[in-house]
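Protein chains: 4
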Amino acid sequence: MSGMWGKHISISIFGESHGTGIGIVLSGLPGGIKIDLEYIKREMKRRAPGQNKISTPRKEGDEFEILSGYFNERTTGSPLCAVIYNTNKISKDYDALKYLMRPGHGDYTGYIKYSGFNDHRGGGHFSGRITAPLVFAGALCKQILEKKEIFIGSHVLSIGHIKENHFDEIKIQGKDLQNLSSKEFPVIEDKVGEEMKKEILKVKEEFDSIGGIIETAIINMDVGIGDPFFDSIESKLSHIVFSIPGVKGIEFGAGFEISKMKGSKANDEFYIENEKIKTYSNNHGGILGGISSGMPIIFRTAFKPTSSIGKGQKTIDINNNENTTLNIQGRHDPCIVPRALPVVDAVAAIAILDMIIEKDGTKWMI
Amino acid sequence: MSGMWGKHISISIFGESHGTGIGIVLSGLPGGIKIDLEYIKREMKRRAPGQNKISTPRKEGDEFEILSGYFNERTTGSPLCAVIYNTNKISKDYDALKYLMRPGHGDYTGYIKYSGFNDHRGGGHFSGRITAPLVFAGALCKQILEKKEIFIGSHVLSIGHIKENHFDEIKIQGKDLQNLSSKEFPVIEDKVGEEMKKEILKVKEEFDSIGGIIETAIINMDVGIGDPFFDSIESKLSHIVFSIPGVKGIEFGAGFEISKMKGSKANDEFYIENEKIKTYSNNHGGILGGISSGMPIIFRTAFKPTSSIGKGQKTIDINNNENTTLNIQGRHDPCIVPRALPVVDAVAAIAILDMIIEKDGTKWMI
Amino acid sequence: MSGMWGKHISISIFGESHGTGIGIVLSGLPGGIKIDLEYIKREMKRRAPGQNKISTPRKEGDEFEILSGYFNERTTGSPLCAVIYNTNKISKDYDALKYLMRPGHGDYTGYIKYSGFNDHRGGGHFSGRITAPLVFAGALCKQILEKKEIFIGSHVLSIGHIKENHFDEIKIQGKDLQNLSSKEFPVIEDKVGEEMKKEILKVKEEFDSIGGIIETAIINMDVGIGDPFFDSIESKLSHIVFSIPGVKGIEFGAGFEISKMKGSKANDEFYIENEKIKTYSNNHGGILGGISSGMPIIFRTAFKPTSSIGKGQKTIDINNNENTTLNIQGRHDPCIVPRALPVVDAVAAIAILDMIIEKDGTKWMI
Amino acid sequence: MSGMWGKHISISIFGESHGTGIGIVLSGLPGGIKIDLEYIKREMKRRAPGQNKISTPRKEGDEFEILSGYFNERTTGSPLCAVIYNTNKISKDYDALKYLMRPGHGDYTGYIKYSGFNDHRGGGHFSGRITAPLVFAGALCKQILEKKEIFIGSHVLSIGHIKENHFDEIKIQGKDLQNLSSKEFPVIEDKVGEEMKKEILKVKEEFDSIGGIIETAIINMDVGIGDPFFDSIESKLSHIVFSIPGVKGIEFGAGFEISKMKGSKANDEFYIENEKIKTYSNNHGGILGGISSGMPIIFRTAFKPTSSIGKGQKTIDINNNENTTLNIQGRHDPCIVPRALPVVDAVAAIAILDMIIEKDGTKWMI
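Read top to bottom, the protein sequences are chains A, B, C and D.
Taking numbering that gives the first Met the number 0 as reference, the numbering of the first sequence is continuous, increasing by one, and the terminal residue is 365.
Taking numbering that gives the first Met the number 0 as reference, the numbering of the second sequence is continuous, increasing by one, and the terminal residue is 365.
Taking numbering that gives the first Met the number 0 as reference, the numbering of the third sequence is continuous, increasing by one, and the terminal residue is 365.
Taking numbering that gives the first Met the number 0 as reference, the numbering of the fourth sequence is continuous, increasing by one, and the terminal residue is 365.
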């Protein structure tokens, strides 16, 4: 089964790329939270296609309609359902491809799992388009978290081999993260960002695509959120982050690099300053024993290159059981990383809010 | 809340390092599975300390007792509870440390979360010792999976900067994985393994510790296991793998490297051979759209160096709210990677069995 | 949190009586099930108001739209979302009542729980109208169960003090249950049914309302569905049946009467006939140790009288914190039992399908 | 799957009547709760057999050992596991019965479900003995609830046809409930209690058994606990109460009687007195719209007569597939109601604590 997640904040997503509509049901919010719809629209626009030259020129109607759980500008406390109707869907493009399994996509595994009855048009339920409702829910959670001065933000750490600086693992501030959220192409070093965009345009001209890494920070968490073992912050964040199509890796704090370190370097020593307990370094990425330490939570997510490319590819025709070749027409993002970035922010916000409610309940939200 | 996981195979772990006992309850197995207890003991011995020079000389009584769910050498279908009693526990060692927060450990976050009432002795519930019951449950699941010819195995890919070859992502066989499981130090290239062991002994002499990476393969999975979004194989495996103390990163298939690739290289092209659908390469690590493709599932897990080191470290005394220094006495593993390896196998086996039951039910197990 | 239920078949309901729309997301169905939409419409019409003199003359637009999970007349395997838009909603009626807590309704408890921010119009999320999506989902599950020759059906056992015969606990047949489903007022003895309807019309004239009992049968279940303790059939059925507004009691088999029996009478003796194991009597209601015995599952659900009545009632004004009186205008069902009956069938179908998948998986559905 | 329940307070039970041990893992309690072990022992003694003439003379070693989660007389915040070892188990009694399906028991359904591999001795996992760990967990939750002045208590409302008065649905006090808990045979009217005991002894002499009804009250709940639909108080309480072996019915407030009432009588009118909102009557049993109203929560549970009786019964030999007769030897309770009563209290306490944490978190417990 698929499509439901969460304990205190539960989400239930639905929809196929070319069906009637896609959406999400969000349960667990208390009644009375004033929602800033403009905030949500801004976040959704960050994910929407057609914003610039480096994303697909395809326009999607990402306008959401709230069906329930929202009354007089506030949450009612009942499940909140938001729908995005699929308009201007041209399904004919996909009929020729129905039995050609696109490499890198979920076409083949979905065909087998659903006995050939999945909605194949535009990837159906596997489409990146289904992340739009996640951004809706995440934007809602993100604005609630800001009431506790908790900020979540990401930057494009790398596109292919082009890489910029990491976050300052100790000093990162809320305003830095908000600043990133307002950028069209969220990087710390704009000059490196320009090179990244050039690289994306270059692979686009080659009818190819490119991958990249997103680095995310969550700051001002209280100490003591999360649990050892199965409800560790890493467990819950990785679970929801790997739900985003295209993710192949995640690491926290020093991540894979920590495997090369000695303990005397990897261990973050504690000290007290102005009655606040901190660590000198942050290789632990704000999480010790699965539980927040109060230091910034930092994680990195690796995205693969867009699976849809213009170049010819070998594949199979699953109807005739034969080898064949495939040329994908149509307009695709040469790199999903920039549009995936607000999705990472969104799912992180959902997971973090879920974990905070475990400790603090929901009264502070109103 | 902590300690419970799973939908079809549910586990509930309990225990503290120096309490009366640690254990696990395993629900969801059908009645009638013949269990090979020797198989379980072998797997548990791989995790047990005191096996050789590179692990802590401390001996633990890892002998388990099955309290329920097992009758006449078979499962009864009711919850199976196994307990490992803590014997020979010397708690005095830990009293001096009670308020000194050991860097890298869960002491500080646990102290705050549990209001100072957690069992501090030997890390309490945060202790790596709590992974012993996971190995018990995993060894049970692993032997059940072998009835479907599904094999799970791991090798030490790297210790610090010393690294050996990856698995053959296409050709890896069940006998290779079984061979690794029988090795005292599971590597593909024994020569590199010797260097790794030397490195571990070297850091031990320096009263320091070192990290490493484990690479795991799961082979002969049917196509169509797993789900898009929240129940993707990556989501469920990462969730349970990050439950293991000391893990800071996980990646599937080409992992973080895929972020540097172009789509034309990253996409694994399909072909049919002898009526079987395969891919020429396996950058997708056996998972497309969250669902198994039938190719080997391959993932890598990054472990940090052992947090307990003999070298002096700065820290705080949380009772007196003051900065201080800490010298950890006692016998610790200079590297947790070799003993963590069977734990990774174990939790992977639990998660994979859970996902297979979703599709195939439980009748094939008997 | 509210609104989600189920393990294999998961449902997520949403909506308020006078909001934009109400609906349900159904996850866990395999791809490829051909759905009979007319079957669903028939079941929904049974619940719809305005069908006859004994129900409210209010007309609701109960026409559903499927947004996802349905393609080419079959399920796709992805979450299926159906929405019923609220049309012709006249909210003004409710403004005067906003702070007057209607006795028997969830107004007061909802006001406190949601800090006064719940959508008060027409009962909001507490409205019986939210059961319409449950009937949608139940009708889908019910037609799937019929592929296994499992039939679910109910009759009005009593209205007030007027009571008809029980089901034949041993011999009840599928065609009896289908026959009941096609009746406008589902009773076994039509003559008693006429008396019941007269009683309902009588209380209607008195501006009052009346309660009743529904008896439900589920036949042709395999032996071995369900579990001891927390996943017993009784546990799961009662959980979902008590979700229906207005239910105050449930009993299985001989139910409360069994408390007066001796064991020698209550125990249902086994015998074999034509290689089939049966019981001579069915006081156990088809469930032993929480698990299906193969005999008909029979349960009875007690409904309270409609809370909205025309007669004046004492209550409080929660805004002014004072005692007052209330006269509810508007058109209400004098008895909810006839319209609740298809809702009981629906939730039973959802729960039973969920439990059968635990044992038999989903392949048989296609 | 079986054996796990709960969201905030999660329990995982295990054990078979004649296995090595039975027990429970309790997760979700915060660190630092001081536990009164004597309180727990008192509650467990109420359930234990061999206390008097009306219960089985069989002695069970119900002494529990806490394996984890408890340190220095307080909870540690980690999962708490308690085990009761099965001593003095005489299994030979049961070998003759192995293939004779005892009427009223889970023998037959368990045999089919577990393919004949369930532990048949003494009912195995279906045994009422497995409720002992539930009483352990419930006694822990019950003493925590008393910190909020929430009291839970029950009386024997009826044995067979002998019935005493109901609780005063409006005025019931904590001290009344505590008084009942200290009685050997908890009734409001001791004279009727004597008759009940006589009736039990009478059926005992007849080698028969008798059923009964338990009435339970929960007082001093805040307004606003619970949810509409699937997490209604009725849904959660009925779910866990039907987990107790032998339960065939449950009703809240006026229960089945409300089906005979008119709305003008059934509706409980509100009024304000000393700034507290109350209802004049309590037909709603303290729950409106699934949510607590602040009035006493009152429910009744119907128990069937003990299935094990000395009288001869017809049954089948499932090994030889033939009809036969059965004479159960051994010592059995002629009526399970008195010993089931503390179990009802226990599971109610677990469910109520779980629901309160949803609203109030866990900080108040320490």
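Idealized CB from N, CA, C, for every residue including glycine.
Predicted model, so just to flag it, every value in this text is computed and none were measured.
Beta-carbon separation of residue i and residue j under 8 angstroms?
i, j, result
"S26 of chain C", "M3 of chain A", "yes"
"G248 of chain B", "F251 of chain A", "yes"
"K261 of chain B", "I209 of chain A", "yes"
"F135 of chain D", "F70 of chain D", "no"
"R338 of chain D", "R46 of chain D", "yes"
"A216 of chain B", "F166 of chain B", "yes"
"A265 of chain A", "N282 of chain A", "yes"
"L352 of chain C", "L144 of chain C", "yes"
"S258 of chain A", "V346 of chain A", "no"
Taking the alpha carbon of residue i as the point to measure from, which residue in the options has its own alpha carbon closest?
i, options, result
"P295 of chain D", "D:G210, D:L139 and D:I151", "D:I151"
"G121 of chain D", "D:S237, D:G18 and D:T361", "D:G18"
"I158 of chain D", "D:G309, D:S292 and D:I53", "D:I53"
"D359 of chain C", "C:S258, C:G245 and C:M220", "C:M220"
"P227 of chain B", "A:S77, A:Y107, A:D35 and A:L28", "A:Y107"
With DSSP collapsed to three states, give me the class of residue i.
i, result
"S291 of chain C", "strand"
"A339 of chain A", "helix"
"L325 of chain C", "strand"
"V222 of chain A", "coil"
"E64 of chain B", "strand"
"Q50 of chain D", "coil"
"L144 of chain D", "helix"
"R299 of chain D", "strand"
"K313 of chain D", "strand"
"L28 of chain D", "coil"
"M3 of chain B", "strand"
"K170 of chain D", "coil"
"S9 of chain B", "strand"
"G211 of chain D", "strand"
"Y279 of chain A", "coil"
"L176 of chain D", "helix"
"L352 of chain D", "helix"
Nearest chain A C-beta to residue i closer than 8 angstroms, yes or no?
i, result
"W419 of chain B", "Beyond the ends of chain B as shown, which are 0 and 365, falls residue 419 of chain B; an answer cannot be given."
"H124 of chain C", "yes"
"N318 of chain B", "no"
"G293 of chain C", "no"
Can you confirm whether residue i, when its beta carbon is compared against all beta carbons of chain D, has any partner nearer than 8 angstroms?
i, result
"D359 of chain A", "yes"
"K147 of chain C", "no"
"K6 of chain A", "yes"
For residue i, would you say it is in contact with chain C, using Cβ-to-Cβ distances shorter than 8 angstroms as the test?
i, result
"K247 of chain B", "no"
"E15 of chain A", "yes"
Return no unless some Cβ of chain B is closer than 8 angstroms to the Cβ of residue i.
i, result
"D61 of chain D", "no"
"M3 of chain D", "yes"
"R73 of chain D", "yes"
- Query: Between the segment 138-149 of chain B and the segment 108-122 of chain B, do three or more beta carbon pairs fall short of 8 angstroms?
  - Reply: no
Would you say the segment 324-332 of chain D touches the segment 163-182 of chain D, given that touching needs at least three Cβ pairs under 8 angstroms? no
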